[in-house]
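Working notes, beginning with the structure itself.
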Amino acid sequence: MEDAVDDIAVIGIGCNFPGGEGLDNFWSILLEGKNCVVDIPAERFDTTFWYDADDSKPGKTQTTKAALIEGFNEFDHRFFGISEAEADFMDPQQKLLLQCTYRALEDAGITMESISGSRTGVYIGLMNRDYEMLQRDCEMALCGGVSCIIEPKVFVALSKAKMISPEGFSKPFSSRADGYGRGEGCGVVLLKPLKEAIKDCNKVWGIINKTAVNQDGHSVTPITKPSMTQQEELLRRVYSESDLTNVQYIEAHGTGTPIGDPTEAGSISNIIAKPDLLVQRHCGLAL
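The sequence shown begins at 0 in numbering that gives the first Met the number 0 and counts up one residue at a time.
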């Protein structure tokens, strides 16, 4: 896949995740393997009212913990030219997106003045929309996702579906797995065709060679149950033109559920981490 004409470069990163704001803090958390799960504070919602260990109780959640951002609603409205009155009614997620987008541009050495009026696409909470850059409909793309934990009703729904861990954190690929732990954060990346990034002497954090997507359709029931067959088909398609011995790192979904984890582990093992391939190199697995 060398010299692919449609390779995409990551030239800027902005993020705010539990444990610290910014890319350096996030990287330190990953290296340390730090658990950032905390007790949900009263300013989010009253856990004494919403919590009950008995999952049969209606309207109750089984957990009082989550991975949270400190000062998640803090916002310099003047910096972004927004009135205080308007800022008071803004969704905290919008504030985080604005802040992380600015940091991603700053990381790429791009000023607000220079990007104003440019052909830059913005894709928030979406995936696999790089076609516009290949067609030159936009020269760069800001892609990001954001999630904030503000009220308890989602906890209640996840508890009833037995999808959330009572302990508040995930234990993927473990016999102790009992669901996933909720967390909040925001991440934004600035993307640009690799050839253009090289020509413009941009810093390149990483290169996106290939993406693919599929879905289970009617192959499994219920709809939330994953299909190993479909996961394996997707991995085969992604790596069909690649040397699997070059794969050094896999970021897994890791739902921490009795069905999801074995399915994902099996598909990765069958396609990427075959014993004969692992003899030739080390491959790390992260979540």
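Every residue gets a Cβ at the ideal spot worked out from N, C-alpha and C, and that includes glycine.
- Put simply, the stretch 118 to 125 does not touch the stretch 43 to 53. Fewer than three CB pairs are less than 8 Å apart.
- In the three-state scheme derived from DSSP, where H, G and I count as helix and E and B as strand, Asp38 is classed as strand.
- The DSSP-derived three-state label of Lys159 is helix.
- Contact between Trp49 and Phe168 is absent: CB atoms are separated by about 18 Å, not below the 8 Å threshold.
- In terms of Cα proximity to Ser268, the closest of Thr228, Ile39 and Ala156 is Thr228.
- By the CB criterion at 8 Å, Ala272 and Val237 fall outside the cutoff.
- Comparing alpha-carbon positions, the option among Ile249, Thr223, Leu284 and Asn245 lying closest to Pro257 turns out to be Thr223.
- Secondary structure note for Cys99: its alpha helix (DSSP H) is the uninterrupted segment Pro91 to Asp106.
- Asp199 sits exposed, since fewer than 16 C-beta atoms from the chains shown fall within 10 Å of its C-beta.
- If you ignore the 5 residues before and after Asn24, its C-beta comes within less than 7 Å of the C-beta of Gly18, all in its own chain and listed in chain order.
- Going by C-alpha positions, Leu67 is about 25 Å away from Glu105.
- At least 8 Å separates the beta-carbon of Asn15 from that of Gly205.
- Val246: not part of any alpha helix (DSSP H); DSSP gives it neither H nor E.
- By the neighbour-count criterion, in which 16 or more other beta carbons inside 10 Å mark a residue as buried, Pro225 falls on the buried side.
- In the DSSP annotation of this structure, the continuous segment of the alpha helix (DSSP H) that includes Gly265 starts and ends at Gly259 to Ile270.
- Counting along the chain, the unbroken beta strand (DSSP E) around Ser146 starts and ends at Met139 to Ser146.
- For the set Lys64, Ile207, Ser158 and Glu138, the Cα lying nearest the Cα of Pro57 is the one of Ser158.
- Between Gln61 and the set Cys137, Glu83, Pro151 and Ala84, the nearest pair of CA atoms involves Pro151.
- DSSP, read as helix, strand or coil, puts Ile7 in strand.
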